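**Q** In order, the protein sequences belong to chains A and B. Residue numbering for the first sequence follows numbering that gives the first Met the number 0, beginning at 0 and increasing consecutively. Residue numbering for the second sequence follows numbering that gives the first Met the number 0, beginning at 0 and increasing consecutively. Built from N, CA and C at the ideal position, the CB exists for glycine as well. Quick caveat, the model's predicted, so the values are computed rather than measured.
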Amino acid sequence: MTDTCYHCGEPVPEAITLTVSMDDKEMPMCCHGCQAVAQTIVDYGLSDYYRFRSGMPGRPDEIVPEMLRNFTVYDDVRVQESFVETRDGGLREAHLMLEGIVCPACIWLTESRLNKTPGVISTKINYTTNRASIRWDDSRIHLSEILRTITSLGFFACPYDPGAREVLLEKERKGQLRRIGLSGVLGMQVMMISVALYVGEWHGMEADFRFFLQWVNLLLTTPVVLYSAQPFYKGALRDSRHLHFGMDIPVSLGILIAYLGSIEATLFQHGYIYYDSIVMFVFLLLLARYLEFTARKHAGDQVNLFGRIIPATATRINSNQTSEECVPVTDLVTGDCIVVRPGETIPADAVITKGVSTVDESIITGESMPVIKQTGDGVIGGSTNIDSPIWLEITRIGNDSTVSRIGRLLEEAQNEKPVMIQLANRIASWFVGVLLLLAAVVAWYWWQAGSGSWLSITISLLVVSCPCALSLAAPTAITAASVALMRRGIAVTTHEAVENLARATHFIFDKTGTLTFGKLQLIDVECLADVKKQECIHLAAAIEKHSEHPVALAITGMAEGTVMTASEVINTPGQGITGIIANKRYFLGTAGYIFANTTLVSRYAGNKNVTSESSSSAFLADENNILCRFVFSDQIRPSARALVAALNANGAHTLMLSGDHADIVRHIAGQLGIKEAFSGLPPERKLSILKDLHDNGAFTAVIGDGINDAPILAAAHVSIAMGKGADIARISADMILLNDKLDMLQDGIQIARKSLTIIRQNMVWAIVYNLLVVPAAASGLLAPWMAAIGMSLSSLVVVGNAASIVKS
Amino acid sequence: MEIIYLLIPVSLILVAVIVYALFWAIKSDQFEDLEGPGHQILMDDDRISSEEDNSENH
């Protein structure tokens with residue numbers, strides 16, 4: 000029987016017998032990392048965590064001394080400047096972002112553990128945003144100690160700078176909540192009193208009571224019109240200044256005209272009042288806007304922009320070339336010498352002065368295989384060093400760096416995003432124009448006919464045709480679609496996204512990380528000598544345990560529970576690795592590497608299996624034979640195949656824009672059936688291809704995940720980012736695929752198309768309703784109660800129709 | 000029915016109190032985290048009860 004780890008739930012490898020005793024029972028642990036964390040939890044009397052948790056935490060990394068040393072940088076006052084506030088009496092308060100939180104018990108665990116730490120005054124963690132604010136006494140404990148404590152529980156905390164945008168958004172959110180709350184509370188009262196008035200209308204009501212109730216309604220509606228509905232007036236003013244007719248204009252007109260008409264009716268006791276319609280209308284529209292706002296804010300919440308790409312600290316070498324010191328990256332300047340060890344992120348664009356290593360640049364360039372870098376080569380800030388230490392001289396840092404340049408490209412792209420006037424807005428502007436014209440004609444007609452009631456007829460015309468149903472038509476459908484999409488793991492962050500997705504004709508994919516997993520996987524082992532495949536994998540895994548190279552990770556991932564160990568391992572960056580297993584020396588690497596280190600060249604020089612190598616294969620050899628060839632590939636997501644097939648079947652154009660090599664791109668495009676594929680593209684070229692498509696009338700949907708995709712995501716008609724993609728890609732996107740399942744997008748497109756149909760139906764209904772009542776109102780034939788029922792009913796039909804999207 | 004001249008103003012005062020309370024709640028961050036506190040109240044102090052559980056088992 001294989002046990003599962005009591006801490007992280009992963010299977011325990013057979014060779015491992017680690018345990019932690021808990022309530023007199025020995026619980027199995029899968030690795031030293033889990034054991035350390037579980038032991039800490041038990042030691043502090045917090046083992047209740049295991050009873051209350053509702054999700055499994057990730058497997059914690061073993062704590063390495065280097066990581067702990069990096070924390071001490073955060074004790075520096077200059078580094079603390081951006082995320083720490085100083086309070087009275089030597090207290091400080093820091094904002095941290097927690098990673099690895101999966102359930103409320105994690106929050107409880109972290110809070111309880113920190114509150115037991117001397118010197119920590121208070122800990123507050125927000126479960127919705129995974130943000131912590133921790134207050135401590137700096138004379139008793141340092142921040143690095145707190146970070147270390149959190150790490151010992153298996154979570155990871157990084158400082159977080161709220162920034163100006165965050166403060167503004169929070170203020171905006173509170174304002175919206177106040178507006179919704181006010182319109183809801185007052186709206187309920189207005190509705191209640193309106194019921195009395197409706198009933199009174201049928202059963203008869205003394206004029207005094209009616210007069211009184213109408214005044215109370217006026218009193219209750221006034222704050223809603225003057226305060227809650229403010230955003231609509233602001234939007235309408237802004238739109239009219241730009242001569243752009245958005246939905247805010249008819250909404251504002253509807254509210255104000257209905258309000259003024261009702262005041263007139265209340266004062267002079269003729270005509271009809273619409274207070275109930277006004278409050279319902281404002282409440283529903285505000286609610287739709289709030290939902291959209293929170294979705295957008297939530298997408299931004301998880302984002303620390305470039306903070307995560309560039310590490311916080313670096314190891315600088317002093318000018319006398321002898322001593323090293325750990326410094327905050329913000330202190331580095333051009334010309335500084337730094338050393339970057341394997342597994343660390345390169346903090347700035349730089350040139351290698353000493354050392355050879357392979358560097359993973361996939362997050363910046365989209366290239367799936369690591370690149371060999373030698374002395375004199377340039378490296379990009381944000382890429383990861385893999386094999387061996389390299390010494391660098393910084394060439395560009397801060398605003399000049401590649402990462403910042405992509406950021407600026409992103410901003411430019413956002414400004415170039417094609418403005419699609421939404422269906423509802425197009426119709427609304429047309430409708431409002433016609434209506435105002437008609438009102439003017441009607442007013443003039445009755446006035447020249449000498450009728451004393453020309454004003455009240457005009458007002459009743461405007462009230463009756465109040466474009467409530469028209470204004471609700473799109474927002475209700477979009478809100479319902481967002482809910483339906485959310486259930487399928489697609490978060491919608493902009494309100495145009497649904498409609499634009501329904502219209503998209505060209506679907507443009509990034510390759511690495513989007514269509515593929517972005518990780519190398521071992522797909523085949525071709526035996527070239529008399530050995531078993533499994534044996535080859537175990538031998539290779541024993542050597543590769545000593546390397547961080549993606550090829551190594553792919554091999555060790557396939558060799559669970561291996562017991563072989565290798566000694567005297569020597570790694571030659573970019574070529575291969577060698578080690579001794581059971582007194583025999585093995586070589587793993589390119590054919591060239593094996594020939595250079597053994598005497599096998601004469602035997603295998605003519606062997607096609609060996610000489611026709613590609614970048615994605617490696618050989619395993621001992622001193623006498625080449626044993627096998629490993630073939631690696633970046634695995635295609637299974638869901639990608641289904642999505643591309645469905646899109647092709649529907650007649651959509653599918654394209655792939657990648658920064659990777661041509662042969663890999665062609666191979667993947669061929670496998671998936673993508674019609675056009677472009678390779679080796681830097682972000683600028685991707686953007687210009689997209690612009691060409693736009694110029695030719697294409698309606699584009701871009702699906703991407705990396706930093707290099709951010710500019711085209713921002714410039715596309717509609718953009719979809721992978722949930723596990725780079726933060727910057729997620730905030731540039733209109734939609735986010737939370738669980739990375741591409742086939743969900745297929746459902747998403749169906750839902751989007753259905754909601755576009757519903758929007759059209761709603762529009763038709765709203766216009767038909769108005770066409771019917773407007774002539775009646777213009778001729779003065781419409782009884783006020785008919786108008787009231789018609790107005791409510793038309794809105795209800797629209798809302799009910801939209802609700803059918805959620806059910807689908 | 001003249002009683003409504005008293006009852007409705009009273010209800011208006013109540014509405015004013017509710018709106019004030021709502022605005023206060025929004026201002027003092029009561030709507031900040033709508034999920035966390037619900038779980039917290041269940042977990043706090045559970046240490047004591049689980050120790051009792053253990054002692055019963057012995």
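So which of A:L642, A:A427, A:V491 and A:P710 has the shortest CA-CA distance to L656 of chain A?
**A** Start at 1 with the first residue of the first sequence, and residue 656 of chain A comes out as number 657. That would be A:P710, whose Cα lies nearest to the Cα of L656 of chain A.
**Q** So which of A:S121, A:D529, A:I456 and A:G747 has the shortest CA-CA distance to V773 of chain A?
**A** By 1-based counting over the first sequence, the position of residue 773 of chain A is 774. Measuring from the Cα of V773 of chain A, the nearest candidate turns out to be A:I456.
**Q** Are the CB atoms of I248 of chain A and A228 of chain A within a distance shorter than 8 Å?
**A** Counting from 1 along the first sequence, the entry for residue 228 of chain A is found at position 229. Counting from 1 along the first sequence, the entry for residue 248 of chain A is found at position 249. No, Cβ-Cβ distance for A228 of chain A and I248 of chain A is not below 8 Å.
**Q** In three-state terms, what does DSSP make of A617 of chain A?
**A** Walking along the first sequence from the start, residue 617 of chain A turns up at place 618. In this structure, A617 of chain A counts as strand in the three-state DSSP scheme.
**Q** In chain order, what are the residue ranges of uninterrupted beta strand (DSSP E) at least 3 long that sit wholly in the region 613-690 of chain A?
**A** Listed in chain order, the complete beta strand (DSSP E) runs (minimum 3 residues) inside the region 613-690 of chain A are 616-620, 625-635, 652-656 and 675-677.
**Q** With respect to the alpha helix (DSSP H) encompassing C526 of chain A, which residues constitute its N-terminal and C-terminal limits?
**A** By 1-based counting over the first sequence, the position of residue 526 of chain A is 527. Note, C526 of chain A: premise wrong, no alpha helix (DSSP H); beta strand (DSSP E) at T515 to C526.
**Q** DSSP has A490 of chain A in a bridge; who is on the other side?
**A** Taking the first sequence and counting its residues from 1, one reaches residue 490 of chain A at position 491. Answer by DSSP bridge pairing, in chain order: A:I735.
**Q** With distances taken from CA atoms, which of A:M762, A:Q745, A:T478 and A:L671 is nearest V796 of chain A?
**A** Within the first sequence, residue 796 of chain A is the residue found at index 797, counting from 1. Taking only the C-alpha atoms, the option nearest V796 of chain A is A:M762.
**Q** Specify, as a first and last residue, the run of the alpha helix (DSSP H) that D47 of chain A falls within.
**A** As a first step, residue 47 of chain A must be located in the first sequence, where it is residue number 48. Residues D47 to F51.
**Q** When you check each C-beta in the region 10-24 of chain B against every C-beta of chain A, which residues fall closer than 8 Å?
**A** The region 10-24 of chain B vs chain A, Cβ under 8 Å: S10, L11, V14, I17, V18, L21 and F22.
**Q** Closer than 7 Å by beta-carbon distance: list the chain A residues that pair up with I7 of chain B, in chain order.
**A** Walking along the second sequence from the start, residue 7 of chain B turns up at place 8. Those within 7 Å of I7 of chain B in chain A are V215.
**Q** Which two residues bound the contiguous beta strand (DSSP E) that contains N125 of chain A?
**A** In the first sequence, counting from the first residue as 1, residue 125 of chain A sits at position 126. That run of the beta strand (DSSP E) goes V119 to N125.
**Q** Would you mind working out which of A:N384, A:I758, A:N216 and A:Q373 sits nearest L471 of chain A, comparing C-alpha positions?
**A** Taking the first residue of the first sequence as 1, we reach residue 471 of chain A at position 472. L471 of chain A has its Cα closest to that of A:I758, out of A:N384, A:I758, A:N216 and A:Q373.
**Q** Counting only C-beta atoms, is Q29 of chain B closer than 8 Å to chain A at any point?
**A** As a working note, residue 29 of chain B is residue 30 in the second sequence. Chain A, which has no Cβ nearer than 8 Å to the Cβ of Q29 of chain B, makes this no.
**Q** So, is Q34 of chain A buried or exposed, given that buried needs 16 or more other C-beta atoms within 10 angstroms?
**A** On the first sequence, position 35 is the one that residue 34 of chain A refers to. Classification of Q34 of chain A: buried, given that the 10 Å Cβ count is 16 or more.
**Q** Enumerate in chain order the residues of its own chain whose CB-to-CB distance from A641 of chain A is below 8 Å, with the five nearest sequence positions on each side excluded.
**A** Translated into positions along the first sequence, residue 641 of chain A becomes position 642. Same-chain partners within the cutoff: L741, D742 and Q745.
**Q** Please report the distance separating the alpha-carbon of T220 of chain A from that of V16 of chain B.
**A** Taking the first sequence and counting its residues from 1, the one referred to as residue 220 of chain A is at position 221. Taking the second sequence and counting its residues from 1, the one referred to as residue 16 of chain B is at position 17. Near 17 Å, if we compare the C-alpha coordinates of V16 of chain B and T220 of chain A.
**Q** In the DSSP assignment, find the alpha helix (DSSP H) that holds C336 of chain A and state where it starts and stops.
**A** The sequence position of residue 336 of chain A within the first sequence is 337, counting from 1. Segment C336 to V339 is the beta strand (DSSP E) holding C336 of chain A; no alpha helix (DSSP H) there.
**Q** Could you check whether the Cβ of G342 of chain A sits closer than 8 Å to any Cβ belonging to chain B?
**A** As a first step, residue 342 of chain A is located in the first sequence; it is residue number 343 there, counting from the start. It does not: the Cβ of G342 of chain A has no partner Cβ on chain B nearer than 8 Å.
**Q** What are the start and end residues of the alpha helix (DSSP H) that includes N596 of chain A?
**A** Working through the first sequence from its first residue, we reach residue 596 of chain A at position 597. A590 to N596 is the extent of the alpha helix (DSSP H) around N596 of chain A.
**Q** Counting along the chain, where does the alpha helix (DSSP H) carrying H537 of chain A start and finish?
**A** Here residue 537 of chain A corresponds to residue number 538 of the first sequence, with the count starting at 1. Start and end: K532 to E543.
**Q** Please identify the residue among A:L755, A:T109, A:C105 and A:E92 whose C-alpha is closest to the C-alpha of I120 of chain A.
**A** Numbered from 1 along the first sequence, position 121 holds the residue referred to as residue 120 of chain A. Comparing Cα positions, the closest option is A:E92.
**Q** Using the Cβ count rule (16 or more neighbours within 10 Å means buried), how would you classify V433 of chain A?
**A** Locating residue 433 of chain A in the first sequence gives position 434, where the first residue counts as 1. Label assigned to V433 of chain A: exposed.
**Q** Can you list, in chain order, the residues of its chain with a C-beta nearer than 6 Å to that of K123 of chain A? Leave out the 5 residues immediately preceding and following it.
**A** Along the first sequence, read from residue 1 onward, the residue named residue 123 of chain A stands at position 124. Correct list, in chain order: S132.
**Q** Taking only three categories from DSSP, how would you classify F70 of chain A?
**A** For the purposes of this step, residue 70 of chain A is taken as the residue at position 71 of the first sequence. In this structure, F70 of chain A counts as helix in the three-state DSSP scheme.
**Q** What does Q188 of chain A touch in chain B if you count any residue whose Cβ is under 9 Å from its own?
**A** Walking along the first sequence from the start, residue 188 of chain A turns up at place 189. In chain order: S10, L11 and V14.
**Q** Tell me whether the region 18-31 of chain A and the region 131-149 of chain A touch, counting them as touching only if at least three CB pairs, one residue from each stretch, are closer than 8 Å.
**A** Verdict: no, contact absent.
**Q** Bridge partners for N570 of chain A per DSSP, in chain order?
**A** Within the first sequence, residue 570 of chain A is the residue found at index 571, counting from 1. Looking at the DSSP assignment, N570 of chain A forms a beta bridge with A:I576.
**Q** Rounded to whole angstroms, what is the Cα-Cα separation between L755 of chain A and A476 of chain A?
**A** For the purposes of this step, residue 755 of chain A is identified with residue 756 of the first sequence, where counting begins at 1. For the purposes of this step, residue 476 of chain A is identified with residue 477 of the first sequence, where counting begins at 1. Using only the alpha carbons, I get a separation of about 8 Å.
**Q** According to DSSP, is L304 of chain A helix, strand or coil?
**A** By one-based count along the first sequence, residue 304 of chain A stands at place 305. Confidence is the limiting factor: at L304 of chain A the pLDDT is only 41, short of 50, which leaves the residue's position unreliable and the question unanswerable from this model.
**Q** Tell me where the alpha helix (DSSP H) around V19 of chain A begins and ends.
**A** As a position in the first sequence, residue 19 of chain A is number 20, starting the count at 1. No alpha helix (DSSP H) contains V19 of chain A, which is instead part of the beta strand (DSSP E) from L17 to M21.
**Q** Determine the DSSP secondary structure at E360 of chain A, reduced to helix, strand or coil.
**A** In the first sequence, counting from the first residue as 1, residue 360 of chain A sits at position 361. E360 of chain A: coil per DSSP, three-state reduction.
**Q** Just verifying my parser: in three-state terms, what is the DSSP assignment at C157 of chain A?
**A** The residue labelled residue 157 of chain A in the question sits at position 158 within the first sequence. Reduced to three states, the DSSP call for C157 of chain A is strand.
**Q** Between L33 of chain B and chain A, is any beta-carbon pair separated by less than 8 Å?
**A** To locate residue 33 of chain B, count along the second sequence from 1; it is residue 34. For L33 of chain B, the answer is yes, since a Cβ of chain A falls inside 8 Å of its Cβ.
**Q** Put C325 of chain A into one of helix, strand or coil per three-state DSSP.
**A** One-based indexing of the first sequence puts residue 325 of chain A at position 326. Three-state result, C325 of chain A: strand.
**Q** Answer with buried or exposed for E205 of chain A, where buried requires no fewer than 16 other C-beta atoms within 10 angstroms of its C-beta.
**A** Position 206 of the first sequence, counted from the start, is the residue given in the question as residue 205 of chain A. By the 10 Å Cβ count, E205 of chain A comes out exposed.
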